[in-house]
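Novice: Shown below is the structure under consideration.
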Amino acid sequence: MPESDDQTALAYLIAIEKDKWTNKIYLKDNYYFEGYWLDIEKTFNNISKSYNELEREVKGLRRRHAEKVSETYGTMREGYLNNIGQWRRPFITHFTGCQPCNGHHNPNYAAEDCWNGMERALNFADNQVLRKYGFVHNNLMDKAVSPIPYDYPNV
């Protein structure tokens, strides 16, 4: 089937081989694991703003740290993120319908919107890593990075 994807394959396996797979599946519903790019892309600025506000309040969360100790900081941050709603950072952004490789994008939106959305999503994700090292993309539509003050965002 030309329209099949990884999710379709998993749904097929679960439907056909219920006994084999259903006891191995855990559905997590309290985390914004993934979403459709048109819904997520417009929330990046608000999500960043919310994380900055949290880090202004909790000094330990804004400390720069090496990747080796990131898990400790992630665990510490998690305690502050419980029950905070839809502004959590998305883990996966689906660009369904954009079809950048073959150019046959969904006619409901312009190809330029897809490209701009992808650039914003990639730079948003980039910021999650770069920030630990003291850099960010100030503008998600710009590949340039800028240094941030040590105690950012509390400056």
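Residue numbers (this note's numbering): 70 to 224. Just so you know, even glycine gets a beta-carbon here, dropped at the ideal spot from N, CA and C.
Below 7 Å CB to CB, which residues in the same chain sit around residue 159 once its five sequence neighbours on both sides are set aside?
Specialist: Excluding sequence neighbours, residue 159 sits near 101, 103, 104, 109.
Novice: Take every Cβ of the segment 121 to 131, pair it with every Cβ of the segment 144 to 151, and state whether three or more of those distances are shorter than 8 Å.
Specialist: At 8 Å Cβ cutoff, the stretches touch.
Novice: If you scan the segment 109 to 138 from start to end, which runs of the alpha helix (DSSP H) of 4 or more residues do you find wholly inside it?
Specialist: If we require 4 residues or more, the alpha helix (DSSP H) runs fully inside the segment 109 to 138 come out as 113 to 126.
Novice: Cα separation between residue 114 and residue 106?
Specialist: Going from the Cα of residue 114 to the Cα of residue 106 covers about 14 Å.
Novice: Within 8 Å, do at least three Cβ pairs link the segment 81 to 90 to the segment 160 to 168?
Specialist: The segment 160 to 168 vs the segment 81 to 90: no contact.
Novice: Quick check: residue 217 and residue 198, are their CB atoms within less than 7 Å of each other?
Specialist: Going by C-beta atoms, residue 217 is not nearer than 7 Å to residue 198.
Novice: Specify the secondary structure class of residue 144 as computed by DSSP and reduced to three states.
Specialist: Reduced to three states, the DSSP call for residue 144 is helix.
Novice: According to DSSP, simplified to helix, strand and coil, what is residue 214?
Specialist: Note: residue 214 maps to coil in three-state DSSP.
Novice: Measure the alpha-carbon distance for residue 74 versus residue 220 and round it to whole angstroms.
Specialist: Cα-Cα distance, rounded: 44 Å.
Novice: Quick one: grab the DSSP three-state call for residue 103.
Specialist: Strand at residue 103.
Novice: For a minimum of 3 consecutive residues, which ranges assigned as the beta strand (DSSP E) are wholly contained in the segment 146 to 205?
Specialist: Correct list: 161 to 163.
Novice: Please return the same chain residues whose Cβ sits closer than 7 Å to the Cβ of residue 174, not counting the five positions on each side in sequence.
Specialist: Here the set comprises 166, 167, 168, 180, 183.
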